[in-house]
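In what follows, a single structure is set out as structure tokens and then discussed.
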Amino acid sequence: MIAPIAFSDGVSAPAGPSRPSPRYVSNMLFPQNTMVMDHRGLSAYAWGFGQFIDHDITLSPDRHDETIFIEVPTGDPFFDPQATGTAVIPMNRSDYIEGTGTEPGNPRRYYNGITSFIDGSAVYGSDSTRAAWLRTFSGGKLKTSAGNLLPFNTLTGDYFAPVDPQAPEMAMPDPFTEKYFVAGDVRANENPFLTAFHTLFVREHNRLCDELAAQHPDWTDEQLYQKARKLVSGIIQAIVYEEWLPALGIHLGPWVSYKPDLNPTIMNEFATAAFRYGHTTINHQLLRLQPDGQPSVLGHVSLRDAFFNVEAFLEVGGPEPYFLGQVTQMQQDFDCKVIDDLRNFLFGQPGQGGLDLVALNIMRGRERGLPDYNMLRMAFGLDPIESFDELSSDPLMNLAMEMVYGDVDDIDPWVGMLAEDHMPGALFGETAMLIVSAQFQALRDGDRFYYENDPDLTPDEKAWIKQTRLADV
């Protein structure tokens, strides 16, 4: 963490105890009554691939024995329609490094639940047990199910087989009885578009195994698996740095060399604030199209109905209708607006397990000790704002922020970042742009096995990877 830790007791109590309830902030600033499309014309692929990458580099495990209850304003139309004044939104606190959080000189420190590097862990897993379960141990390939889809949590990997009690755990509402896809990252079933990206790269791995086996008939399963894994991981890296980041307006320049003194650890400010920008860009509907461009006979699917909905993926035969649909759909803009599906219906109906992602994001920043927006800006070498009029060029936004927070030194960092004007030619505002750029620079230049530095890849393989784009996969 670059910015100073801001726990209110110096140890573990959430920052900003005098700030308004995160749900109140959500209600006052974030309702999206009209669609505001991306000002640069980016398609939904920008947020979809972004979520896949987020799940390749960050995972904040929860503590199920420590829950925060976010206050819901009395009479909240979604979460307290009966005006009881007792409604809350529960949120488990983040797990922390054992031995930290004992005293002011030793505040809580957090760990990443997966590998921080862009290494294809979302495809292959971040531990040996998950990685082994996903393999066929034949021809270097990964397991698939009927239709060349991801494997299910069953003894054979196919849907109709009995559930495998040894299958890796996945994030699901009822992980002990349901059948669901298994992937390298536990969140692969969160929505069908995310599942589509997981499926795509598993298919690419197996395609490369066939190609490598034809070229090297003497290679073992292990040789084929490791080489295909290196190639797929390199392809993902190339798409990030040659295509996706530039589309967002981030141009890091060419890779020069590995820098062993550069710390590639995921920053708290990145994972807890800046990289959560994508939640503002998501659409309320996932389009599903046929090859002729016509809607699927089963129609499109609303995001609120798509969470952890494996059937919504199976009923249209897999990823293709989602890829065809999202390429035609523009994403929402980077701003302080979030669709109802995320703000009021995240993972279910209000009062029936449904949550508010905006409130969760704000509270997550506080419970992980992020300082206020101005303190965070100064930690990254930016000037603090002295009045709300300096926040953005939108006077209505500035006024709303002042009404909610009252003091420029009390703004939650994620909220402040989203309110900023876009940088020229970029998706982001100034603060998010700086943090996201710095993090991806460190992930590339601080990675000894970044594909351009990897001794196990030939010059021809590196050149092929470098020119590969998402459309090629």
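Under our numbering, the first residue of the sequence shown carries the number 58, and numbering increases by one thereafter.
All residues carry an ideal CB built from backbone N, CA and C; glycine is no exception.
Computed from a predicted model, the values in this text were never measured in an experiment.
> Does DSSP put residue 95 in a helix, a strand or coil?
Replying inline: Translated into positions along the sequence shown, residue 95 becomes position 38. Of the three classes helix, strand and coil, the one that applies to residue 95 here is coil, per DSSP.
> How about residue 359 and residue 341: do their beta carbons lie closer than 8 Å?
Replying inline: Numbered from its first residue, the sequence shown carries residue 359 at position 302. Numbered from its first residue, the sequence shown carries residue 341 at position 284. Contact flag set, yes.
> When the distance is taken between beta carbons, is residue 239 closer than 8 Å to residue 208?
Replying inline: One-based indexing of the sequence shown puts residue 208 at position 151. One-based indexing of the sequence shown puts residue 239 at position 182. Yes.
> Under the three-state reduction of DSSP, which class applies to residue 437: helix, strand or coil?
Replying inline: Residue 437 sits at position 380 when you count from the first residue of the sequence shown. Residue 437: coil per DSSP, three-state reduction.
> Residues bridged to residue 352 by DSSP?
Replying inline: Translated into positions along the sequence shown, residue 352 becomes position 295. In the DSSP output, where bridge partners are listed per residue, residue 352 has 346.
> For residue 81, which residues from the same chain have a beta carbon less than 6 Å from its beta carbon, with the 5 sequence-adjacent residues on both sides left out?
Replying inline: As a first step, residue 81 is located in the sequence shown; it is residue number 24 there, counting from the start. Closer than 6 Å at the Cβ level, and outside the excluded window around residue 81, lie 130.
> Just how far apart, CA to CA, sit residue 187 and residue 181?
Replying inline: Locating residue 187 in the sequence shown gives position 130, where the first residue counts as 1. Locating residue 181 in the sequence shown gives position 124, where the first residue counts as 1. Answer to the nearest angstrom: the Cα atoms are 8 Å apart.
>> Is the beta carbon of residue 375 closer than 8 Å to that of residue 156?
In response: Within the sequence shown, residue 156 is the residue found at index 99, counting from 1. Within the sequence shown, residue 375 is the residue found at index 318, counting from 1. Cβ atoms of residue 156 and residue 375: not closer than 8 Å.
>> Assuming residue 122 is part of the beta strand (DSSP E), what are its boundary residues?
In response: Within the sequence shown, the letter at position 65 stands for residue 122. Here the beta strand (DSSP E) through residue 122 covers 119-128.
> Is the beta carbon of residue 289 less than 8 Å from the beta carbon of residue 247?
Replying inline: As a first step, residue 289 is located in the sequence shown; it is residue number 232 there, counting from the start. As a first step, residue 247 is located in the sequence shown; it is residue number 190 there, counting from the start. In this structure, residue 247 does not lie closer than 8 Å to residue 289 by Cβ.
> So what does residue 192 bridge to, in DSSP terms?
Replying inline: As a first step, residue 192 must be located in the sequence shown, where it is residue number 135. In DSSP, residue 192 forms a bridge with 199.
> Measuring CB to CB, does residue 400 end up less than 8 Å from residue 413?
Replying inline: Residue mapping note: residue 400 aligns to position 343 of the sequence shown, counting from 1. Residue mapping note: residue 413 aligns to position 356 of the sequence shown, counting from 1. Yes, Cβ-Cβ distance for residue 400 and residue 413 is below 8 Å.
>> Looking at the secondary structure, which residues open and close the beta strand (DSSP E) in which residue 150 lies?
In response: For the purposes of this step, residue 150 is identified with residue 93 of the sequence shown, where counting begins at 1. Per DSSP, residue 150 belongs to the beta strand (DSSP E) from 145-151.
> Are there 16 or more other CB atoms within 10 angstroms of the CB of residue 354, so buried, or fewer, so exposed?
Replying inline: Locating residue 354 in the sequence shown gives position 297, where the first residue counts as 1. Label assigned to residue 354: exposed.
> If we ignore side chains and look at the alpha-carbon of each, how far apart do residue 158 and residue 152 end up?
Replying inline: In the sequence shown, residue 158 corresponds to position 101, counting from 1. In the sequence shown, residue 152 corresponds to position 95, counting from 1. Near 11 Å, if we compare the C-alpha coordinates of residue 152 and residue 158.
> Residues in its own chain within less than 7 Å of residue 250 by CB, not counting five upstream and five downstream?
Replying inline: Counted from its first residue, the sequence shown places residue 250 at position 193. The residues are 105, 343, 379, 383.
>> By DSSP's criteria, residue 206 is part of a beta bridge. Which residues make up the other side?
In response: One-based indexing of the sequence shown puts residue 206 at position 149. Note: residue 206 sits in a beta bridge opposite 202.
> Where does the unbroken alpha helix (DSSP H) through residue 104 begin, and where does it stop?
Replying inline: Here residue 104 is taken as the residue at index 47 of the sequence shown, counted from 1. First-last of the alpha helix (DSSP H) with residue 104: 102-114.
> For the region 468-478 against the region 423-432, are there 3 or more C-beta pairs whose distance is under 8 Å?
Replying inline: yes
>> So, for residue 484: in the same chain, excluding its five sequence neighbours on each side, which residues have a beta-carbon less than 6 Å away from its beta-carbon?
In response: Within the sequence shown, numbered from 1, the residue matching residue 484 stands at position 427. Excluding positions up to five away in sequence, the list reads 305, 306, 391.
> Is residue 449 near residue 467, with beta carbons less than 8 Å apart?
Replying inline: On the sequence shown, position 392 is the one that residue 449 refers to. On the sequence shown, position 410 is the one that residue 467 refers to. The answer is no: Cβ separation not under 8 Å.
> From residue 273 to residue 294, what does the alpha carbon distance come to, in whole angstroms?
Replying inline: For this step, residue 273 is matched to residue 216 along the sequence shown. For this step, residue 294 is matched to residue 237 along the sequence shown. So the two alpha carbons sit approximately 25 Å from each other.
> So is residue 458 buried or exposed if we call it buried at 16+ other beta carbons inside 10 Å?
Replying inline: Counting from 1 along the sequence shown, the entry for residue 458 is found at position 401. By the 10 Å Cβ count, residue 458 comes out buried.
> Considering only residues of the same chain and omitting the five flanking positions on each side of residue 335, which have a CB-CB separation below 8 Å?
Replying inline: Residue 335 sits at position 278 when you count from the first residue of the sequence shown. Only 104, 107, 108, 111 meet the Cβ criterion.
>> When you compare the CB positions of residue 150 and residue 125, do they come within less than 8 Å of one another, or not?
In response: Position 93 of the sequence shown holds residue 150. Position 68 of the sequence shown holds residue 125. Contact flag set, yes.
> With a cut-off of 8 Å, do at least 3 Cβ pairs link the region 318-325 to the region 497-507?
Replying inline: yes
>> Out of 445, 154, 161, which one is the CA nearest neighbour of residue 167?
In response: Mapped onto the sequence shown, residue 167 falls at position 110. Residue 154 is the option with its Cα nearest to residue 167.
> In or out: residue 96 buried (at least 16 other Cβ within 10 Å) or exposed?
Replying inline: Along the sequence shown, read from residue 1 onward, the residue named residue 96 stands at position 39. By the neighbour-count rule (16 or more Cβ atoms within 10 Å), residue 96 is not buried but exposed.
>> Short of 6 Å in beta carbon distance, which residues of its chain neighbour residue 116, apart from the five on each side in sequence? Order them along the chain.
In response: Translated into the one-based positions of the sequence shown, residue 116 becomes position 59. Correct list, in chain order: 170, 171.
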